[in-house]
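Notes to accompany the following structure.
2 protein chains.
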Amino acid sequence: MKLQNIKIVMAGTTHPGNIGAAARAMANMCFTRLTLVDPQCPVGEIAYARASGANAILDNRDTCNDLASAIADCNCVIAASARRRSLSWPELSPPELADKLIDMNDTAQTALVFGREHSGLSNEEMQLCNYMVYIPTNPDFSSLNVASAIQVLCYEIFQRQAIVPQIVKPIEKQDMPVEHSELEGYFEHLQNVLQMCEFLDPQQPGLIMQRLRRLYLRSEVTRNEINILRGMLTAIEKQRG
Amino acid sequence: MKLQNIKIVMAGTTHPGNIGAAARAMANMCFTRLTLVDPQCPVGEIAYARASGANAILDNRDTCNDLASAIADCNCVIAASARRRSLSWPELSPPELADKLIDMNDTAQTALVFGREHSGLSNEEMQLCNYMVYIPTNPDFSSLNVASAIQVLCYEIFQRQAIVPQIVKPIEKQDMPVEHSELEGYFEHLQNVLQMCEFLDPQQPGLIMQRLRRLYLRSEVTRNEINILRGMLTAIEKQRG
Numbered sequence: 038m039k040l041q042n043i044k045i046v047m048a049g050t051t052h053p054g055n056i057g058a059a060a061r062a063m064a065n066m067c068f069t070r071l072t073l074v075d076p077q078c079p080v081g082e083i084a085y086a087r088a089s090g091a092n093a094i095l096d097n098r099d100t101c102n103d104l105a106s107a108i109a110d111c112n113c114v115i116a117a118s119a120r121r122r123s124l125s126w127p128e129l130s131p132p133e134l135a136d137k138l139i140d141m142n143d144t145a146q147t148a149l150v151f152g153r154e155h156s157g158l159s160n161e162e163m164q165l166c167n168y169m170v171y172i173p174t175n176p177d178f179s180s181l182n183v184a185s186a187i188q189v190l191c192y193e194i195f196q197r198q199a200i201v202p203q204i205v206k207p208i209e210k211q212d213m214p215v216e217h218s219e220l221e222g223y224f225e226h227l228q229n230v231l232q233m234c235e236f237l238d239p240q241q242p243g244l245i246m247q248r249l250r251r252l253y254l255r256s257e258v259t260r261n262e263i264n265i266l267r268g269m270l271t272a273i274e275k276q277r278g
Numbered sequence: 038m039k040l041q042n043i044k045i046v047m048a049g050t051t052h053p054g055n056i057g058a059a060a061r062a063m064a065n066m067c068f069t070r071l072t073l074v075d076p077q078c079p080v081g082e083i084a085y086a087r088a089s090g091a092n093a094i095l096d097n098r099d100t101c102n103d104l105a106s107a108i109a110d111c112n113c114v115i116a117a118s119a120r121r122r123s124l125s126w127p128e129l130s131p132p133e134l135a136d137k138l139i140d141m142n143d144t145a146q147t148a149l150v151f152g153r154e155h156s157g158l159s160n161e162e163m164q165l166c167n168y169m170v171y172i173p174t175n176p177d178f179s180s181l182n183v184a185s186a187i188q189v190l191c192y193e194i195f196q197r198q199a200i201v202p203q204i205v206k207p208i209e210k211q212d213m214p215v216e217h218s219e220l221e222g223y224f225e226h227l228q229n230v231l232q233m234c235e236f237l238d239p240q241q242p243g244l245i246m247q248r249l250r251r252l253y254l255r256s257e258v259t260r261n262e263i264n265i266l267r268g269m270l271t272a273i274e275k276q277r278g
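Those sequence lines, one after another, are chains A and L.
Quick note: the first sequence uses this note's numbering, first residue 38, plus one each step.
Quick note: the second sequence uses this note's numbering, first residue 38, plus one each step.
In structure tokens form, the structure reads like this:
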């Protein structure tokens with residue numbers, strides 16, 4: 038599935054800020070196609086301000102009079118909802134939605150449909166959809182902002198699709214965890230210094246050294262860090278003379 | 038882990054709409070605690086309009102002058118970032134963050150920290166954090182709106198919490214990560230001792246202290262361990278006489 042084959046459809050949106058915020062959310066997650074169905078507000082200064090640079094999405098938006106025309110070319114239409122419907126609709130969770138889209142053919146056209154700020158999608162509009170995706174929310178405060186709902190679903194699809202360019206962080210040798218033997222060398226040095234400082238009882242170094250081992254082992258100490266830690270011990274020894 | 042033990046911290050926010058939108062996003066996902074650090078705007082009509090009914094979160098917000106005071110009582114502090122840092126910080130993906138929080142003790146206090154709209158978090162602020170969570174985004178349009186970032190992370194945590202059976206691991210108090218202020222006390226003590234030993238250049242403690250901070254922050258030092266570490270420093274001081 039290609040992200041450019043998924044269109045975000047906003048039906049009857051009343052606030053231009055939400056259209057702009059939706060464009061920004063889409064751009065953040067590599068979505069490009071926005072369709073407005075019967076928008077109830079102009080797409081002007083307020084929308085562009087909230088888009089915060091995602092102008093291309095607003096410039097290239099489609100506008101349709103009704104949902105049926107907006108989705109006429111789509112192979113799969115999914116309605117987003119923050120509330121469950123009394124009429125049970127085939128329901129996907131956001132991760133299930135993402136998996137479903139990822140499994141689709143590269144040429145499949147898909148629409149994710151978002152309803153009006155106050156009244157959502159009408160029953161007639163729901164009838165046009167193959168699935169409903171339900172974003173889990175607080176049952177006592179379930180109304181998600183429409184642009185936030187778009188953000189959440191675009192994020193789910195984007196991150197699952199693993200088209201996240203695998204920016205392989207080249208790890209420098211000094212930032213890799215050291216070999217175990219180096220750590221043992223450090224523990225030995227540490228124990229000597231702590232005995233010298235009479236912090237450890239030479240007869241009973243056990244429990245404290247065990248706890249210190251656990252601390253540093255779980256930290257996966259890097260070469261850079263072990264050099265600092267060893268340098269500290271050497272400095273303490275020198276002070277002692 | 039309890040959602041009410043996770044505070045959302047917004048540092049230096051400049052737009053009241055973002056504070057309101059953050060409150061709404063939090064309420065949608067059952068989060069309740071909002072802390073503003075040095076806010077650059079009033080929390081008035083615009084914020085309440087965008088909160089869309091999540092008034093209790095705005096009414097009950099905390100306000101602090103700096104990040105250190107906001108997180109002083111926290112056992113774990115996580116910075117949200119949409120960009121990777123040059124100095125590699127222990128990094129979590131949003132699902133890893135959710136898993137980590139879910140595994141935590143019910144009494145652990147956690148902060149999720151979000152930076153300024155244009156400049157994010159300062160390096161000094163990053164130094165206070167145990168982890169960074171990186172929300173994957175389009176590399177060519179990576180700047181997420183701050184309320185959208187809050188929405189995405191709250192959603193991840195809420196939905197994972199709902200699906201993961203609550204296996205409560207009883208953790209003894211001495212094995213929990215210490216409060217942040219305790220760790221700061223240790224860093225101060227450590228720096229003093231290292232200067233005394235002439236390991237640190239008093240003019241230039243910077244880089245080495247930064248690296249040591251990073252090591253211990255990522256280790257989530259427990260009370261038992263901090264007692265040992267402080268004891269070591271005191272023993273070294275006594276040797277010096």
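No residue lacks a Cβ here, since even glycine has one placed at the ideal position from N, Cα and C.
**OP:** Count the other C-beta atoms from every protein chain shown that fall within 10 angstroms of the C-beta of I217 of chain L, then say buried if there are 16 or more, exposed otherwise.
**Re:** Taking the first residue of the second sequence as 1, we reach residue 217 of chain L at position 180. A small correction: the amino acid at residue 217 of chain L is His; Ile does not occupy that position in the sequence shown. So H217 of chain L counts as buried.
Original post:
Of all the CB atoms in chain L, is at least one closer than 8 Å to the CB of G157 of chain A?
Top reply: Taking the first sequence and counting its residues from 1, the one referred to as residue 157 of chain A is at position 120. Not one chain L Cβ lies under 8 Å of G157 of chain A.
Original post:
Are the beta-carbon atoms of A60 of chain A and L95 of chain A separated by less than 8 Å?
Top reply: Reading the first sequence from its first residue, position 23 is the one you call residue 60 of chain A. Reading the first sequence from its first residue, position 58 is the one you call residue 95 of chain A. With contacts defined by Cβ atoms closer than 8 Å, A60 of chain A and L95 of chain A form a contacting pair.
Subject >> Exposed unless 16 or more other CB atoms sit within 10 angstroms - verdict on P214 of chain L >> reply: Position 177 of the second sequence, counting from 1, holds the residue named residue 214 of chain L. The residue is buried, with at least 16 neighbouring Cβ atoms inside 10 Å.
Subject >> Residues near N70 of chain L by beta carbon distance below 6 Å, same chain, minus five either side >> reply: Counting from one through the second sequence, the residue named residue 70 of chain L turns up at place 33. It should be pointed out that residue 70 of chain L corresponds to Arg in this sequence rather than to Asn. Once the five neighbours on either side are set aside, the close Cβ partners of R70 of chain L are K44.
Original post:
Going by C-alpha distance, which of L:Q188, L:R277, L:Q211 and L:Q228 is nearest T144 of chain L?
Top reply: Translated into the one-based positions of the second sequence, residue 144 of chain L becomes position 107. The candidate whose alpha carbon is nearest that of T144 of chain L is L:Q211.
Subject >> CB contact check: V183 of chain L to chain A, cutoff 8 Å >> reply: Along the second sequence, read from residue 1 onward, the residue named residue 183 of chain L stands at position 146. By this cut-off, V183 of chain L is not an interface position.
Subject >> Proximity test, Cβ basis, 8 Å: C67 of chain L and chain A >> reply: Reading the second sequence from its first residue, position 30 is the one you call residue 67 of chain L. Chain A contact via Cβ: present.
Original post:
What's the gap between the Cα of P127 of chain L and the Cα of L149 of chain L?
Top reply: By 1-based counting over the second sequence, the position of residue 127 of chain L is 90. By 1-based counting over the second sequence, the position of residue 149 of chain L is 112. The straight-line gap separating the alpha-carbon atoms of P127 of chain L and L149 of chain L is approximately 15 Å.
Original post:
Between the beta-carbon of F195 of chain L and the beta-carbon of M38 of chain L, is there less than 8 Å?
Top reply: Position 158 of the second sequence, counting from 1, holds the residue named residue 195 of chain L. Position 1 of the second sequence, counting from 1, holds the residue named residue 38 of chain L. Result no, Cβ atoms of F195 of chain L and M38 of chain L do not sit closer than 8 Å.
Original post:
Is the stretch 218-233 of chain L in contact with the stretch 228-243 of chain A, if contact means three or more CB pairs nearer than 8 Å?
Top reply: no
Original post:
Would a check of beta-carbon distances place Q77 of chain L closer than 8 Å to chain A?
Top reply: For this step, residue 77 of chain L is matched to residue 40 along the second sequence. So, not an interface residue.
Original post:
So which residues of chain A does Q188 of chain L contact, with C-beta pairs closer than 7 Å?
Top reply: Working through the second sequence from its first residue, we reach residue 188 of chain L at position 151. Going along chain A in sequence order, the residues near Q188 of chain L (Cβ under 7 Å) are S185, Q188 and V189.
Subject >> Where P131 of chain L falls: helix, strand or coil (DSSP) >> reply: Along the second sequence, read from residue 1 onward, the residue named residue 131 of chain L stands at position 94. In the structure shown, P131 of chain L sits in a helix (DSSP, three-state: H, G or I).
**OP:** Please compile the residues from chain A whose C-beta is within a distance smaller than 7 Å of the C-beta of Q7 of chain L.
**Re:** The question about residue 7 of chain L has no answer, for chain L in this structure spans 38 to 278.
Subject >> Within the stretch 59-99 of chain L, ranges of the beta strand (DSSP E) (whole runs, at least 3 residues) >> reply: DSSP runs (the beta strand (DSSP E)) wholly in the stretch 59-99 of chain L: 70-74.
Original post:
With burial defined as no fewer than 16 other Cβ atoms inside 10 Å of the residue's Cβ, what is the status of T72 of chain L: buried or exposed?
Top reply: Walking along the second sequence from the start, residue 72 of chain L turns up at place 35. T72 of chain L comes out buried.
**OP:** Give a yes or no on whether the C-beta atoms belonging to C101 of chain A and V74 of chain A are separated by under 8 Å.
**Re:** The count along the first sequence starts at 1 and reaches residue 101 of chain A at position 64. The count along the first sequence starts at 1 and reaches residue 74 of chain A at position 37. Cβ atoms of C101 of chain A and V74 of chain A: closer than 8 Å.
Subject >> Members of the stretch 72-103 of chain A near chain L, C-beta cut-off 9 Å >> reply: R87, S89, G90 and A91
**OP:** Return helix, strand or coil for V215 of chain L, following the three-state DSSP convention.
**Re:** Mapped onto the second sequence, residue 215 of chain L falls at position 178. The answer is coil: DSSP assigns V215 of chain L none of H, G, I, E or B.
Original post:
Is M47 of chain A close to chain L, meaning its C-beta is less than 8 Å from at least one C-beta of that chain?
Top reply: Reading the first sequence from its first residue, position 10 is the one you call residue 47 of chain A. Answer no: the Cβ-Cβ gap between M47 of chain A and chain L never drops below 8 Å.
Original post:
Taking only beta-carbon atoms, is I265 of chain A less than 8 Å away from chain L?
Top reply: As a first step, residue 265 of chain A is located in the first sequence; it is residue number 228 there, counting from the start. Yes, contact with chain L.
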